[in-house]
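Student: Just remember that our numbering sits 5 ahead of the position in the sequence shown, which is counted from 1.
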Amino acid sequence: MKNFSAGSFPTTRLRRLRKSAWMREMVAQNSVKASDLILPLFVIEGKKIEEKIEHLPDASRLSIDLIVKKAKEARDLGIPAIMLFPAIDQSLKTLEGEEAWNEKNLICRTIREIKKNVPEIGVICDVALDPYTSHGHDGIVDDNGYVINDTTIAALCKQALAQAEAGCDIVAPSDMMDGRVAVIRDALDDAGFVDVAIMSYSAKYASSFYGPFRHAVGSASNLKKSQGTQDKKTYQMDFRNTDEAMREIALDVEEGADLIIVKPGMPYLDVISQAAQNFAIPIIAYQVSGEYAMLKHAAAKGVFDFDAAFLESLMAFKRAGATSIISYGALEIAKKL
Ligand code: PBG
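And the structure:
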């Protein structure tokens, strides 16, 4: 335990340690480095295509050739890994999301191209069906639109295997089904992918802050048309709870997760901090699309300087105890660090 007794004024003057830039630099407790960051990227079909994403300023959907370029840029700046999300054609989306485990799907082709051209960077892929289902849910639904747990986790295993087969280094189940980490670990091991790691979205809340992401992968409009619930509250966590987050993490650790994600990030710093205090496992904070958009929009209105506010937001994750941070601004800030 630390001892916070500080003496008393006038002997003690805490401003001494803040007086000059070099002094502040010398005593700084936390830092953000490029190696702390993970860059999420959205992939689309085509060549040389860059599509602006409505609601997510300064982020784009990119064709595979441009994703490879971004991966090189990230590698050169010292960013250790990228995270891939597909925006596939609506015509490929089905009730059960079968395209998710097609070995030639957009994501698998992207993984192969990155592994061929930029082998030094880590590739992380989301495991969940929402970019592939016609209803926009993360899993397979029954007649009432309720996501069926055990049928879904069997499908997620096929998806994870297709990604591992293509060369993915880390699979990241983001679906919040019960028991999925254990079955994915088993499936990977049985197929010989003992070194493919699992980064589990363990504490993932049902959040409004995913809005821009759902536009980016095209699940927003599908969710709106879906016959069941249009939110994800029957599987993602209730934002009134923290104990539940610790139970989710404990289960995932038990089931074999190698790293765990807390998501969203900024409004959930308490959860990150509790996770870091309770679990000896790398904790990854996900600064989600809505958080990034808020910062961008506020800066565009002149509320504050983007770089300064953004760096401050990243430092909060480090202070809370996060090991790494997934952020749409990873590349732009890495250039300035
Ligand atoms: C898919 C998934 C989502 C995000 C990451 N993976 C959206 C959702 O659960 O609806 C959100 C990321 C972001 O908002 O930046 N399950």
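All C-beta atoms in this analysis are idealised placements derived from N, C-alpha and C, irrespective of residue type, glycine included.
Quick check: Y297 and G261, are their CB atoms within less than 8 angstroms of each other?
Tutor: By one-based count along the sequence shown, residue 297 stands at place 292. By one-based count along the sequence shown, residue 261 stands at place 256. No.
Student: Please list the terminal residues of the continuous beta strand (DSSP E) segment that includes F47.
Tutor: For the purposes of this step, residue 47 is identified with residue 42 of the sequence shown, where counting begins at 1. Looking at the DSSP string, the run of the beta strand (DSSP E) that includes F47 is L42 to I49.
Student: Could you say which of N154, A160, C130 and G141 lies nearest to C173 if we only look at CA atoms?
Tutor: In the sequence shown, residue 173 corresponds to position 168, counting from 1. Checking every option, the nearest Cα to that of C173 belongs to C130.
Student: Considering only residues of the same chain and omitting the five flanking positions on each side of E56, which have a CB-CB separation below 7 angstroms?
Tutor: Taking the first residue of the sequence shown as position 1, residue 56 is located at position 51. I49, S65 and R66.
Student: Got a sec? Which residues, its chain only, sit under 7 angstroms from A165 by beta carbon, not counting five neighbours each side?
Tutor: Walking along the sequence shown from the start, residue 165 turns up at place 160. Taken in chain order, the residues that qualify are V132, V176, I189, A192 and L193.
Student: Using CA atoms only, rank isn't needed, just tell me which of A211, I153, Y215 and F9 is closest to R185.
Tutor: Along the sequence shown, one-based indexing puts residue 185 at 180. Looking at the Cα atoms, I153 is the closest of the given residues.
Student: Can you give me the Cβ contacts of H60 inside the same chain, cut-off strictly under 7 angstroms, excluding the 5 residues immediately before and after it?
Tutor: Your numbering for residue 60 matches position 55 in the sequence shown. Around H60: G216, P217, H220 and A298.
Student: Using 8 angstroms as the cut-off, can you tell me whether the region 262 to 278 makes contact with the region 36 to 53, which would need three or more C-beta pairs spanning the two stretches below that distance?
Tutor: Contact fails: fewer than three Cβ-Cβ distances are below 8 angstroms.
Student: Is F214 near the ligand PBG, going by C-beta to nearest heavy atom under 7 angstroms?
Tutor: Reading the sequence shown from its first residue, position 209 is the one you call residue 214. At least one heavy atom of the ligand PBG is nearer than 7 angstroms to the Cβ of F214, so yes.
Student: What is the C-beta distance between V73 and V128, in whole angstroms, given that I count them as a contact (C-beta under 8 angstroms)?
Tutor: Taking the sequence shown and counting its residues from 1, one reaches residue 73 at position 68. Taking the sequence shown and counting its residues from 1, one reaches residue 128 at position 123. V73 to V128, Cβ: 11 angstroms. No contact.
Student: Here's a check: name, in chain order, each residue in its chain whose Cβ is nearer than 6 angstroms to the Cβ of C5, leaving out the five neighbours to either side.
Tutor: Because the chain in this structure spans residues 6 to 342, residue 5 falls outside the shown range and cannot be described.
Student: When the Cα of E103 is compared with those of I58, A167 and I330, which residue comes out closest?
Tutor: Taking the first residue of the sequence shown as position 1, residue 103 is located at position 98. Taking only the C-alpha atoms, the option nearest E103 is A167.
Student: Can you name, in chain order, every residue of its own chain whose Cβ lies under 6 angstroms from the Cβ of F47, other than the five neighbours on each side?
Tutor: Here the question's residue 47 lines up with position 42 in the sequence shown. Here the set comprises R66, F90, A92 and A221.
Student: Write down the C-beta distance between L319 and I338 rounded to the nearest angstrom, noting that I regard them as a contact closer than 8 angstroms.
Tutor: Residue 319 sits at position 314 when you count from the first residue of the sequence shown. Residue 338 sits at position 333 when you count from the first residue of the sequence shown. Confirmed, Cβ separation roughly 7 angstroms.
Student: Let me know the alpha helix (DSSP H) ranges lying completely inside the region 241 to 297, each 4 residues or longer, listed in chain order.
Tutor: Correct list: 248 to 260 and 274 to 283.
Student: Identify whether M88 lies in helix, strand or coil by the three-state DSSP scheme.
Tutor: Looking up residue 88 in the sequence shown gives position 83. DSSP places M88 in strand when its eight states are reduced to three.
Student: Of all the options P85, Y210, K230 and K301, which has the alpha carbon lying nearest to the alpha carbon of D248?
Tutor: Numbered from its first residue, the sequence shown carries residue 248 at position 243. Per the Cα distances, Y210.
Student: Put M204 into one of helix, strand or coil per three-state DSSP.
Tutor: Along the sequence shown, one-based indexing puts residue 204 at 199. Three-state DSSP puts M204 in a strand.
Student: Under three-state DSSP, which class holds I129?
Tutor: The residue given as residue 129 occupies position 124 in the sequence shown. Strand.
Student: Measuring CA to CA, which of S207, E170, A171 and D200 is closest to P178?
Tutor: Residue numbering aside, residue 178 sits at position 173 when the sequence shown is read from its first letter. When only C-alpha atoms are compared, the closest one is S207.
Student: Please state whether DSSP places E101 in a helix, a strand or coil.
Tutor: The count along the sequence shown starts at 1 and reaches residue 101 at position 96. E101: coil per DSSP, three-state reduction.
Student: Taking the C-alpha atoms as reference points, what is the distance between S205 and T17?
Tutor: By 1-based counting over the sequence shown, the position of residue 205 is 200. By 1-based counting over the sequence shown, the position of residue 17 is 12. Cα to Cα, the separation comes out at about 46 angstroms.
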